[in-house]
Amino acid sequence: MGREKTQVSRALKALAAAGIVERDPDTLEYRLGWRLFSLVARTSQNRLVRMAEPVMHALSADVEETSHLCVLSDREVLTLLSISGHSFRVHGWEGRGVPAWQTSAGRVLLADATPDELYVRFGTTSTPPIPELWALIQEASRQGYARVSEEFEAGLVGVSAPVRDFRGRVVAAINISAPKSRLGDRLDQAGHTTAKAAARVSALLGWEPRHTPFPRARLT
Numbered sequence: 045m046g047r048e049k050t051q052v053s054r055a056l057k058a059l060a061a062a063g064i065v066e067r068d069p070d071t072l073e074y075r076l077g078w079r080l081f082s083l084v085a086r087t088s089q090n091r092l093v094r095m096a097e098p099v100m101h102a103l104s105a106d107v108e109e110t111s112h113l114c115v116l117s118d119r120e121v122l123t124l125l126s127i128s129g130h131s132f133r134v135h136g137w138e139g140r141g142v143p144a145w146q147t148s149a150g151r152v153l154l155a156d157a158t159p160d161e162l163y164v165r166f167g168t169t170s171t172p173p174i175p176e177l178w179a180l181i182q183e184a185s186r187q188g189y190a191r192v193s194e195e196f197e198a199g200l201v202g203v204s205a206p207v208r209d210f211r212g213r214v215v216a217a218i219n220i221s222a223p224k225s226r227l228g229d230r231l232d233q234a235g236h237t238t239a240k241a242a243a244r245v246s247a248l249l250g251w252e253p254r255h256t257p258f259p260r261a262r263l264t
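Residues 45 to 264 (our numbering) make up the sequence shown, in order.
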């Protein structure tokens, strides 16, 4: 590169601080970071973001909580867009990944996965175990939304509903997360409202209810 190692090291540290790259704690090698992935995802999924944003504004105003547009990235849920339901922002979730198995968004984003695919994706790292996770995914599919209560973070609850493309595949999730003290008593109500919002975005992407995904395999 024609630069001294100290210069390269300083540059990499600055990029790591910005989230453009990240350092593997075991190998100490650098790799692409969450912020760069978020920028690429925002570009490649620009239509999804553009379609979802006005619907999410209406959802956040209705529920009076922050809504999030999420996608699946390997074993994590990545937030592409957050719309505040208040005059202030509570969290900067955009571009940050959280474990898929612990979140309501992850459970709807995994709706099209087979049990074998869950084992390949998560191995033994999933908490709850794969059979229990599979049951939670199926429950979310039946009721049209997933809900969690303090599974990802103490005092935090959330609901998510799937966004489908014209083929009926789940391509994103719309999520509402808030402190249990604010949202806990109306979690199911928020779930139904979020499901309606996600259905509107799905319709904008060309999905029609009769276009259902292929049947999923059973857990054996």
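Glycine is no exception: its CB is placed at the ideal position from the N, C-alpha and C atoms. Bear in mind the structure is a predicted one, so any value in this text is a computation, not a measurement.
In whole angstroms, what is the alpha-carbon distance linking residue 200 and residue 123?
Here residue 200 corresponds to residue number 156 of the sequence shown, with the count starting at 1. Here residue 123 corresponds to residue number 79 of the sequence shown, with the count starting at 1. Per the coordinates, the alpha-carbon of residue 200 lies some 17 Å from the alpha-carbon of residue 123.
Buried or exposed: where does residue 196 fall if 16 or more other Cβ atoms within 10 Å of its Cβ makes it buried?
For the purposes of this step, residue 196 is taken as residue 152 along the sequence shown, with counting starting at 1. Residue 196 sits buried, since 16 or more C-beta atoms from the chains shown fall within 10 Å of its C-beta.
Mind checking whether residue 108 and residue 125 have CB atoms under 8 Å apart?
Reading the sequence shown from its first residue, position 64 is the one you call residue 108. Reading the sequence shown from its first residue, position 81 is the one you call residue 125. With contacts defined as CB atoms closer than 8 Å, residue 108 and residue 125 fail to qualify as a contacting pair.
Residue 188, DSSP secondary structure in three states
Within the sequence shown, numbered from 1, the residue matching residue 188 stands at position 144. In the structure shown, residue 188 sits in coil (DSSP, three-state: anything other than H, G, I, E or B).
Can you confirm whether residue 149, when its beta carbon is compared against all beta carbons of chain D, has any partner nearer than 8 Å?
No chain D appears in this structure, which consists of one protein chain only.
Using DSSP with H/G/I as helix, E/B as strand and the rest coil, what is residue 200?
The residue given as residue 200 occupies position 156 in the sequence shown. When secondary structure is reduced to three states using DSSP, residue 200 falls in the strand class.
Figure out for me which residue from 156, 235 and 210 has the closest Cα to the Cα of residue 247.
On the sequence shown, residue 247 is found 203 positions in, with the first residue counted as 1. Cα-wise, what sits closest to residue 247 is 210.
Boundaries of the alpha helix (DSSP H) in which residue 246 is found, first to last residue:
The residue you call residue 246 lines up with position 202 of the sequence shown. Residue 246 -> alpha helix (DSSP H) spans 231-248.
Kindly indicate the opening and closing residues of the alpha helix (DSSP H) around residue 161.
Here residue 161 refers to the residue found at position 117 of the sequence shown. Going by DSSP, residue 161 is part of the alpha helix (DSSP H) stretching over 159-166.
Using 8 Å as the cut-off, can you tell me whether the segment 100-115 makes contact with the segment 164-174, which would need three or more C-beta pairs spanning the two stretches below that distance?
Cβ pair count under 8 Å is below three, so no.
Could you tell me the boundaries of the beta strand (DSSP E) in which residue 144 lies?
What you label residue 144 is simply residue 100 of the sequence shown in a count that begins at 1. Going by DSSP, residue 144 is part of no beta strand (DSSP E) at all; its letter is neither H nor E.
Classify residue 42 as helix, strand or coil using the three-state DSSP reduction.
Past the boundaries of the shown model lies residue 42; the chain is included only from 45 to 264, so the question cannot be answered.
Assign residue 238 to buried or exposed, taking buried as 16 or more other Cβ atoms, counted over all protein chains shown, within 10 Å of its Cβ.
Here residue 238 is taken as the residue at index 194 of the sequence shown, counted from 1. Of the residues assessed, residue 238 falls on the buried side of the cut-off, its CB having 16 or more other CB atoms within 10 angstroms.
Per DSSP, what kind of secondary structure is residue 205 in: helix, strand or coil?
Indexing the sequence shown from 1 puts residue 205 at position 161. If DSSP states are grouped into helix, strand and coil, residue 205 belongs with the strands.
Within 8 Å, do at least three Cβ pairs link the segment 177-191 to the segment 144-156?
As far as the Cβ criterion goes, the segment 144-156 touches the segment 177-191, which means the pair count is three or higher.
Smallest Cα separation from residue 223: which of 249, 216, 194 and 232?
Position 179 of the sequence shown, counting from 1, holds the residue named residue 223. If we check each option's Cα against that of residue 223, 194 comes out closest.
Could you say which of 232, 121, 67 and 251 lies nearest to residue 190 if we only look at CA atoms?
Here residue 190 refers to the residue found at position 146 when the sequence shown is read from its first residue. The shortest C-alpha separation from residue 190 is found at 232.
Buried or exposed for residue 229, going by 16 or more other Cβ atoms inside 10 Å?
The sequence position of residue 229 within the sequence shown is 185, counting from 1. It counts as exposed.
Separation of residue 72 from residue 59, as counted between CA atoms
Along the sequence shown, one-based indexing puts residue 59 at 15. Along the sequence shown, one-based indexing puts residue 72 at 28. Taking the straight line joining both Cα atoms gives about 15 Å.
Per-residue DSSP class, three states only, for residue 67:
If you number the sequence shown from 1, residue 67 lands on position 23. It is a strand residue.
Between which residues of its own chain and residue 129 is the CB-CB distance below 8 Å, once the five residues before and five after are set aside?
Taking the sequence shown and counting its residues from 1, one reaches residue 129 at position 85. Correct list, in chain order: 104, 105, 107, 108, 109, 110 and 111.
Thinking C-beta only, is residue 192 closer than 8 Å to residue 147?
Position 103 of the sequence shown, counting from 1, holds the residue named residue 147. Position 148 of the sequence shown, counting from 1, holds the residue named residue 192. By the CB criterion at 8 Å, residue 147 and residue 192 fall inside the cutoff.
Does the separation of the CB atoms of residue 54 and residue 66 fall below 8 Å?
The count along the sequence shown starts at 1 and reaches residue 54 at position 10. The count along the sequence shown starts at 1 and reaches residue 66 at position 22. No, the Cβ-Cβ distance between residue 54 and residue 66 is not below 8 Å.
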